[in-house]
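Heads up: the structure comes next, in structure tokens.
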Amino acid sequence: AQRVTQPEKLLSVFKGAPVELKCNYSYSGSPELFWYVQYSRQRLQLLLRHISRESIKGFTADLNKGETSFHLKKPFAQEEDSAMYYCASKGTDKLIFGTGTRLQVFP
Amino acid sequence: EAGVTQFPSHSVIEKGQTVTLRCDPISGHDNLYWYRRVMGKEIKFLLHFVKESKQDESGMPNNRFLAERTGGTYSTLKVQPAELEDSGVYFCASSQDRGGRTREQYFGPGTRLTVT
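Sequence lines, in order, name chains F and P. Under our numbering, the first residue of the first sequence carries the number 22, and numbering increases by one thereafter. Under our numbering, the first residue of the second sequence carries the number 2, and numbering increases by one thereafter.
Following this line, the structure appears as structure tokens:
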């Protein structure tokens, strides 16, 4: 069965510091991976997906099939990046989520 | 355009009672999904409707949960009778098919269910 693992429940950094949110997946085929974000008092929303290879709000994520990872990175964290981040993979049409990582960015 | 809406935003019920959650997807979205996040755990898939048909209900925990989508518009998720372990946040999401592929899932704000 597909699984998504986010080993960190909480990641705290200071503004301007680099950020890396870890995500590992288990899937035998070609995975379709996503990062979702939930800001305080807002709904869950798509941040980025690996197939589009885009950078959203300065975040990037590269699929590493050798390490089965899809870590989310940002070189300089901002206070407004504080949120809950979920890594997810797509199985048929449903999403399989990790447990999420709370990112706290201190001023 | 209104996003996915869910009602109620919060429900507190006693063990053994019945609760019905409602989800209104984005207009025109044939796909509707229910997910649940139990405290401290990951967001888990419950089921997937395509229009009024259940495409995948492999995530439904047991027969105390009943989901419907009559007419292919809004959906309801009924829990009867509710147990303590049903407490959590229930999310609804919708997406549309385009070009033979299912597109991005848009999430509702969730319903927080507390069973006491």
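All residues carry an ideal CB built from backbone N, CA and C; glycine is no exception.
query	result
What distance in whole Å lies between the Cβ atoms of Ala83(P) and Gln18(P), which are believed to be in contact at a cut-off of 8 Å?	6 Å
Counting only Cβ pairs nearer than 9 Å, list the residues of chain P close to Tyr107(F).	Glu43 and Ile44
Would Gly109(P) and Ala94(P) qualify as a contact pair, given that the criterion is a beta-carbon distance under 8 Å?	yes
Determine which residues of the segment 92-119 of chain F have a Cβ less than 9 Å from any Cβ of chain P, and write them out in chain order.	Tyr107, Ala109, Lys111, Gly112, Thr113, Asp114, Lys115, Leu116, Ile117, Phe118 and Gly119
Mind reading off the beta-carbon distance from Lys119(F) to Cys44(F)? Whole number of angstroms is fine, and I expect it under 8 Å.	The sequence given here places Gly at residue 119(F); Lys does not occur at that position. With 8 Å as the limit, Gly119(F) and Cys44(F) qualify as a contact, their Cβ atoms being about 6 Å apart.
Under 8 Å, Cβ to Cβ, is there at least one residue of chain F near Phe92(P)?	yes
Relative to the C-alpha of Arg23(P), which candidate in Asn64(P), Asn32(P), Thr117(P) and Thr77(P) has its C-alpha closest?	Thr77(P)
If we define contact as Cβ-Cβ less than 8 Å, is Leu65(F) a contact residue for chain P?	yes
Just tell me which of Leu93(F), Leu68(F) and Asn85(F) has its CA closest to the CA of Glu29(F).	Leu93(F)
Quick check on DSSP: helix, strand or coil for Leu65(F)?	coil
Mind checking Lys95(F): buried by the 16 CB within 10 Å criterion, or exposed?	buried
Could you tell me whether the Cβ of His30(P) comes closer than 8 Å to any Cβ of chain F?	no
Alpha carbon to alpha carbon, what distance is there between Thr115(P) and Leu205(F)?	The first residue shown for chain F is 22 and the last is 128, placing residue 205(F) beyond what the model contains.
How is Gly73(P) classed by DSSP in three states: helix, strand or coil?	helix
What's the call for Val13(P), buried or exposed, on a 16-neighbour Cβ count within 10 Å?	exposed
Glu15(P) and Thr112(P) - do their beta-carbons sit closer together than 8 Å?	no
What does a CB cutoff of less than 6 Å around Ser33(F) pick up in its chain, not counting 5 residues either side in sequence?	Gln125
Please identify the residue among Phe97(F), Thr26(F) and Ser73(F) whose C-alpha is closest to the C-alpha of Gly79(F).	Phe97(F)
Is Gly79(F) near the ligand ADP, with its Cβ less than 7 Å from a heavy atom?	Inclusion of the ligand ADP in the displayed structure is not the case, the ligand content being empty and no account of it being possible.
Write down every uninterrupted run of the beta strand (DSSP E) in the segment 38-112 of chain F whose length is 3 residues or greater and which is fully enclosed by it, in chain order.	40-42, 45-47, 54-59, 66-70, 93-95 and 104-112
Which residue or residues does DSSP assign as beta-bridge partners of His49(P)?	Tyr34(P) and Asp57(P)
Go to Asp25(P), then tell me how far its beta strand (DSSP E) extends in each direction, as first and last residue.	Val20 to Asp25
For Gly109(P), return the contacting residues in chain F, with the cut-off set at a CB-CB distance below 7 Å.	Arg64
Give every residue of the same chain whose Cβ lies closer than 6 Å to the Cβ of Lys86(F), excluding the five residues on either side of it in the sequence, and list them in chain order.	none
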